[in-house]
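Single-structure report; data block below.
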Amino acid sequence: MTTQTLLLGQTFESFGNPLTGPWQDAVRINTSGGVLIENGRIARVADGDTLRRDHPQAAVQDYGAHLICPGFVDAHVHYPQTAIIASWGKQLIDWLNTYTFPEEIRLADPAYARMIAARYLDLALDHGTTTMCSYATIHPTSVDAFFEAAAERGMRTVAGKTCMDRNAPDGLRDTVQSAYDDSKTLLHRWHGTGRASYAITPRFSPTSTPDQLAALGALWAEHPDCLMQTHLSEQPDEITWVRGLFPEARDYLDTYEAHGLLGPRALFGHAIHLTPREVDRLAETGAAVVHCPTSNTFIGSGLMDLAGLAARRIPLGLATDTGGGSSFSMLRTMAAAYEIAQLRGTSLHPAQLIWLATTGSAQSLYLGDQIGTLAAGFEADLTILDLAATPAIAQRTANADTIWETVFPTLMMGDDRAIADVWVAGHKRPLRGGKAS
Ligand code: GUN
Ligand code: ZN
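Using the numbering used here, the letters of the sequence shown map in sequence onto residues 86 to 522.
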């Protein structure tokens, strides 16, 4: 007999894209909802009373006024940067050279990579993130370390070997051929293995020769079901550098397109300082942009035009960009996205913020039919939010008139303390090093 688990609480449900039409038509919260889990998947989402009546044999976990959400999906992280998060005082290129590259060299040691992968994934789960798309380092063993640690935890993840054959220090460069060969070996090993998917990963145009970009473009053409992730137009100095390195390119995006690295299943992190032509090309090709708001303020990159890109129907994901971002928390990330949008004259609704951190990110990773939504058939990765987790939040929600007014303070002021439980493929995960209750 299959065991069924019934979670009761307030359920976050989505039916469409709340950024391209009225959010009311796309998202709702059922304040007395329920999620029935069977064999690691969501079997039904309905009123709690209905589910109780129809499934009396199910084991019930009643979350009361907690919000049952799809597990958070972090669409752009660098797990190797876990130990250097919150490093002081540098902008992008200096930050890479001062903090990031020396740390990434340390992941040449497979034992260190395994330790950091485990640390990162446990931190992510503690913060309610059940899926992420991560860069590894140039070392193939750092990819194995990540996917093995994710498999141990039952998590759906995406990752790839970061490729760099120039403008990186000794010990952190590959070659055209080794980048191609190693990426190919890794994608054969991992893409579609368990819950893993592979992303071909040129770090960004300044650290790849045109030949390396072309080799990775060829590899993607051979394996078009893989994702391709990279960085785009994060800081003005970086863009000037790219112009000098690729004088024949029309713009930064063109350095990727000219080498076969633009199209559906491409993910461009940051994408802040875009030209109108770049926006047009992104919109025409179906590539996704990943918004990294805590990173964009922390490293001093700028204010991305989320509303403008959404209006062009460019698929959008949301991400911490650990460790350029200043937090592992997708709640902190939603708060930063809200604040940046405010500075640009748009007020993102809490429905839009949670959707971006779940369904939107999942869709940008082409996993939108497997995770990121509470609906029958989806994998049962769930994050349960306590909407009154701290005294500061509780005193605000005590005053709330509507469900969205109850939710919003947790998005603005919440962190890992708001994560009441996390379910991965239908199993409750122990949080904060403890035992699952
Ligand atoms: N651009 C190239 N590499 C990186 C990185 O590791 N982090 C960020 N934020 N931007 C980058
Ligand atoms: Zn990044």
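Backbone N, C-alpha and C define an ideal beta-carbon position, used for all residues, glycine too. Given the structure is predicted, the values throughout are model-derived calculations rather than measurements.
Requested in this report: Inspect the CB distances between the region 136-145 and the region 192-208 and report whether three or more fall short of 8 Å.
Outcome: no
Report task. Please look up how many angstroms separate the CB atoms of Ile-178 and Glu-323, rounded, as I've assumed it's under 8 Å. Result -> 7 Å
Report task. Could you tell me which of Tyr-341, Cys-248, Thr-495 sits nearest to Pro-435, measuring between CA atoms? Result -> Thr-495
Query - Continuous alpha helix (DSSP H) assignments of at least 4 residues falling wholly in the region 255-290 - result: At a cut-off of 4 residues, the continuous stretches assigned as alpha helix (DSSP H) that sit fully inside the region 255-290 are 261-275.
**Report entry** Own chain residues within Cβ distance below 6 Å of Tyr-205, not counting five before or after
**Finding:** Tyr-164, Thr-167
Requested in this report: May I ask whether a heavy atom of the ligand ZN can be found less than 8 Å away from the beta carbon of Ser-293?
Outcome: no
Report task. Please determine, among Ile-357, Pro-309, Leu-346, the residue with the shortest C-alpha to C-alpha distance to Leu-317. Result -> Ile-357
Query raised in the report: What are the partner residues of Met-240, as DSSP defines its beta bridges?
Result: Bridge partners of Met-240: none, in fact.
Query - Ser-263 beta carbon near the ligand ZN (any heavy atom closer than 8 Å) - result: No - the ligand ZN has no heavy atom lying nearer than 8 Å to the Cβ of Ser-263.
Query raised in the report: Would Ser-219 be called buried (16 or more neighbouring beta carbons within 10 Å of its own) or exposed?
Result: buried
Query raised in the report: Per DSSP, Asp-132 forms a beta bridge with which residues?
Result: Gly-118
**Report entry** Minimum length 3: unbroken beta strand (DSSP E) runs contained in the region 417-501
**Finding:** 467-470
Query raised in the report: By DSSP, does Phe-97 sit in helix, in strand, or in coil?
Result: strand
Requested in this report: Determine, using beta-carbon pairs with one atom in the region 413-421 and one in the region 437-456, whether at least three such pairs fall under 8 Å.
Outcome: yes
Query - Candidates Leu-394, Asn-381, Asp-267, Thr-185: closest to Leu-367 by CA position - result: Of the listed residues, the one whose Cα sits closest to Leu-367 is Leu-394.
Query raised in the report: Hey, how far is the Cα of Ala-253 from the Cα of Thr-292?
Result: Straight-line Cα distance between these residues: approximately 7 Å.
Query - Cross-strand partners of Ala-202 (DSSP beta bridge) - result: Looking at the DSSP assignment, Ala-202 forms no beta bridge with any residue, so it has no partner.
Query raised in the report: So does the region 106-115 actually touch the region 447-458, counting three or more Cβ pairs closer than 8 Å?
Result: no
Query raised in the report: Taking 8 Å as the cut-off, does the CB of Ser-318 come closer than this to any heavy atom belonging to the ligand ZN?
Result: no
Requested in this report: Go ahead and label His-355 buried or exposed: buried means 16 or more other beta carbons lie within 10 angstroms of its beta carbon, across all protein chains shown.
Outcome: buried
Query raised in the report: So, Leu-104 versus Leu-388, is the Cβ gap smaller than 9 Å?
Result: no
Query raised in the report: If you pair each beta-carbon of the region 467-486 with each one of the region 230-248, do three or more pairs fall below 8 Å?
Result: In short, these stretches do not touch, since the Cβ pair count stays below three.
Query raised in the report: Could you give the uninterrupted runs of the beta strand (DSSP E) lying entirely in the region 155-180, keeping only those of 3 residues or more?
Result: Counting only runs of 3 or more, we get 157-163.
Query raised in the report: For the ligand ZN, is there a heavy atom less than 8 Å away from the beta-carbon of Tyr-423?
Result: no
Query - Exposure label - Trp-173; buried when at least 16 CB within 10 Å - result: exposed
Query - Residues near Ala-128 by beta carbon distance below 8 Å, same chain, minus five either side - result: Closer than 8 Å at Cβ, skipping near neighbours: Gln-89, Leu-121, Ile-122, Ala-461.
Query - Per DSSP, the bridge partner or partners of Asp-147 - result: Leu-93
Query raised in the report: What did DSSP end up calling Ala-392 once you bin it into helix, strand or coil?
Result: helix
Report task. Could you check the C-alpha separation between Pro-107 and Leu-301 for me, to the nearest Å? Result -> 39 Å
Query - C-beta atoms of Ala-447 and Arg-126 nearer than 9 Å - result: no
Report task. Thinking Asp-500 and Leu-416 are a contact (beta carbons under 8 Å), I'd like their distance in whole angstroms, please. Result -> That belief holds up - the Cβ atoms of Asp-500 and Leu-416 are roughly 6 Å apart, short of 8 Å.
**Report entry** Closer than 8 Å: Gly-387 CB and nearest the ligand ZN heavy atom
**Finding:** no
Report task. Along the beta strand (DSSP E) that carries Ile-504, what are the first and last residues, could you check? Result -> 504-509
**Report entry** CA-to-CA distance, Thr-96 to Ile-285, given in whole angstroms
**Finding:** 35 Å
Requested in this report: Measure the alpha-carbon distance for His-276 versus Val-243 and round it to whole angstroms.
Outcome: Between His-276 and Val-243, the C-alpha separation is close to 9 Å.
**Report entry** As assigned by DSSP and simplified to three states, the class of Gly-302
**Finding:** Annotated three-state conformation of Gly-302 is helix, per DSSP.
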